[in-house]
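**Q**
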Amino acid sequence: MTQYKQPGDGLRIWLPDNGQIISYQGETIPFQGSVILENRVARIKKITVKLEGRMKVHLQGTGYKNDKLVYEKTWHLLPPSKSYRRFESGQEWHFSGELPSSLPPSIIDQDGGQYAIVYQLKAIAERPPFQPNFSTKRQVHISRYLRMSAATTRLHPQVFRDLTDLMEYGVGLRTGSIWRPGSTIPIDIHVFRTREDVVRLRSVRCRLNSYVFLSCESTKAGKIGSAQQKRQGRTLAYLRDDHVVRQGIPLPWKKTELLKIPNHVPVDVNTAMIHIKHKLKVSIVLLRESGQTEEIITSFPIIINNMDEEVVRDDNSEEDRQLPAYHETHSSTLCDPLTCRPVILSTSTNSSHSSSDASSPSSSNPEANGEQYDLQENRFLLARVPSYKTVGSNRCSITPSLPAYD
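At the far end of the sequence shown sits residue 406, using our numbering, and the numbering has no gaps.
1) Can you tell me the Cα-Cα spacing of HIS353 and ASP242, whole angstroms?
2) Which complete beta strand (DSSP E) runs does the stretch 45 to 93 hold, if anything under 3 residues is left out?
3) Buried or exposed, going by whether 16 or more other CB atoms sit within 10 Å of the CB of PRO16?
4) Check this for me: beta carbons of LEU286 and LEU163, under 8 Å apart or not?
5) Where do the ends of the beta strand (DSSP E) carrying GLN131 lie?
6) Do the CB positions of ARG127 and ALA227 come within less than 8 Å of each other?
7) Any contact of the stretch 279 to 296 with the stretch 186 to 201, i.e. 3+ C-beta pairs under 8 Å?
8) DSSP beta-bridge partners for PHE300?
9) Please state whether the Cβ-Cβ distance between LEU208 and LEU236 is less than 8 Å.
10) Spatial neighbours of THR256 within its chain, please: C-beta separation below 7 Å, excluding the five flanking residues on both sides.
11) Could you pull the DSSP bridge partners for LEU236 from this structure?
12) What did DSSP end up calling GLY19 once you bin it into helix, strand or coil?
13) Using 8 Å as the Cβ pair cut-off and three pairs as the minimum, do the stretch 76 to 83 and the stretch 22 to 33 touch?
14) For the 8 Å Cβ check, are there 3 or more pairs between the stretch 130 to 138 and the stretch 81 to 98?
15) Using 8 Å as the threshold, is the C-beta distance between GLN120 and GLU38 below it?
16) Among MET167, LYS56 and VAL35, which residue has its Cα nearest to the Cα of ASP109?
17) Tell me the rounded alpha-carbon separation between GLN292 and TYR169.
18) If you check the beta carbons only, do LEU103 and THR184 fall under 8 Å apart?
19) So which of ARG205, LEU99 and TRP179 has the shortest CA-CA distance to ILE21?
20) On the criterion of 16 or more Cβ atoms from any shown chain inside 10 Å, does THR74 qualify as buried, or is it exposed?
21) Exposed or buried, which one is ILE297 when buried takes at least 16 other CB atoms within 10 Å?
22) Quick one, which of PHE130, VAL159, THR62 and LYS50 has its alpha-carbon nearest LEU69's?
23) What does DSSP give as the partner residue(s) for GLU38 in the beta ladder?
24) ILE261 lies in the beta strand (DSSP E); which residues open and close that run?
25) Along the beta strand (DSSP E) that carries PRO186, what are the first and last residues, could you check?
Rendered as C-alpha cells:
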C-alpha cells in the first residue's frame with residue numbers, strides 16, 4: 001500500500017510569480033517550475049509532477065453535482081531506473097512546458113460555493129518500501145487577459161437613441177463595452193425633449209448586473225444523465241442620482257454619471273458548465289403632472305475582462321479629473337515674493353522685537369538700518385502660512401501658480 005506524508009513534508013514546489021499565470025486568447029501559455037528536496041537526505045526512485053484543472057458545479061438542494069476534468073499534464077522528472085538514488089537536501093528538479101490557450105480562467109464562487117474552476121499542481125517522490133512517499137500540492141491561478149489590439153472594435157462609443165411617447169432621449173458609453181475590474185464607466189445621458197405633461201426628470205439609476213448560468217447532470221439514482229440548469233443574478237454596482245434636473249431647466253439636457261466597478265468581480269466566462277456575463281441597465285424616471293412616475297430602461301451588454309494595457313479615456317472624461325500629483329506641485333511658488341515682502345518683514349520684526357519697538361519706523365524697515373533683503377536667501381520664509389487675520393486684511397495676495405482643479 002502506498003503511503004504519503006502530509007503535503008509539503010520533504011518536497012516543495014516553486015513557481016514563478018507565486019503561481020499566477022496570465023493567458024491570452026490564441027496564444028499558448030509558457031509554464032515552468034521546480035521541485036525542491038528540503039531538510040533531509042533521501043533515496044528516491046522517481047518524481048512525478050501532475051497539473052490538474054477541474055470544473056465543479058453543485059446545485060445545492062437539487063442533487064445535481066458535476067466535477068469535470070478540463071486539463072491534465074504530467075512531468076516525469078527522473079529518468080526511469082530500477083534502483084533508488086540518493087539525493088542531498090536542496091536538490092532541485094526543473095520542469096517546463098506549454099499550456100493550451102483554451103484553458104478557462106480560475107473562478108471561485110464567493111457566495112455559496114456552487115461553482116468553481118481550480119488548477120492544482122501535485123508532486124510525488126517515490127521512496128523505498130516501508131518508507132512514506134513525499135508529496136506536496138500547490139494551487140495555480142490562471143487569469144485570462146485581453147489584448148487591446150484584439151478589442152479595438154469594441155472600444156468605439158456605443159450610443160442608443162430612442163423616441164418614446166414621453167420623451168426623446170439617448171444613452172451612450174463613451175469608450176465602448178469592454179471594462180476591467182476596478183474601472184469607472186462614464187455613462188452619457190441626453191434628454192432632447194419631453195411631453196408637455198412631464199414636469200421634470202425625477203432620477204437616473206444605473207445598475208451593473210452579473211448573470212451566472214450553471215448546467216450539470218444529476219448524480220442521484222434513476223436520474224443519472226438528466227441535466228439541470230440554473231440561472232442566478234446579482235447586482236455588482238448601483239448608482240442613483242435624484243438631483244438630475246430641477247424644475248424649470250430648459251431642454252435639451254445632458255449629464256454624465258460615473259459608475260464604479262468593484263475590484264473583485266467575476267469576469268466573463270463561456271464554458272459548457274459555467275457561463276458568466278454582465279449587463280448595464282440605465283433607467284430614467286419621469287414625474288408627470290398627475291403625480292404618476294414613469295420609468296424608461298435601456299440595457300447594454302458589458303464585457304468585464306482584464307486587459308494588458310490601460311484604456312485611453314477621453315480627455316474630457318470626468319473620470320480622469322484628479323488633483324495634480326505631489327511631485328508636480330510641491331516646488332510651486334504659492335506666494336509672490338515681492339507682494340508678500342511687507343508681510344514677511346513685519347512678521348520677522350514682530351517676532352524679534354517687543355510691540356513698542358515694532359511700532360517704530362526703524363525697526364519695521366530693515367533697509368533703514370542698513371540691512372539688505374535678499375529674496376533668494378530668504379525664499380524659505382515664503383513657506384510660512386499667513387494667519388486668518390492677515391488673509392482677511394488683504395495684506396498678502398496669493399498668486400494662482402497652482403494648476404486649476406478642472
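Where a beta carbon is used, it is the ideal one built from N, C-alpha and C, also for glycine.
Owing to the predicted nature of the structure, the values given are computational and were not obtained by experimental measurement.
**A** Checking against the coordinates, here is how it stands:
1) The pLDDT assigned to HIS353 is 48, lower than 50, so where the model puts this residue is not dependable; a value taken from the coordinates is nonetheless given after this. Distance between the alpha carbons of HIS353 and ASP242 is about 59 Å.
2) 46 to 59, 64 to 76 and 85 to 87
3) exposed
4) no
5) It is not in any beta strand (DSSP E) - GLN131 carries neither H nor E in the DSSP assignment.
6) no
7) Yes, they touch.
8) LEU280
9) yes
10) PRO186, ILE187, ASP188 and GLU318, listed in sequence order.
11) Within the DSSP secondary-structure output, LEU236 pairs in no beta bridge.
12) helix
13) With a cut-off of 8 Å, the stretch 22 to 33 and the stretch 76 to 83 do not count as touching, because too few Cβ pairs lie within range.
14) no
15) no
16) Closest by alpha carbon: LYS56.
17) 20 Å
18) no
19) LEU99
20) Flag for THR74 reads exposed.
21) exposed
22) Among PHE130, VAL159, THR62 and LYS50, the Cα nearest to that of LEU69 belongs to LYS50.
23) Answer is none; GLU38 lacks a bridge partner.
24) Looking at the DSSP string, ILE261 is not in any beta strand (DSSP E), and its letter there is neither H nor E.
25) Segment 184 to 194, the beta strand (DSSP E) holding PRO186.
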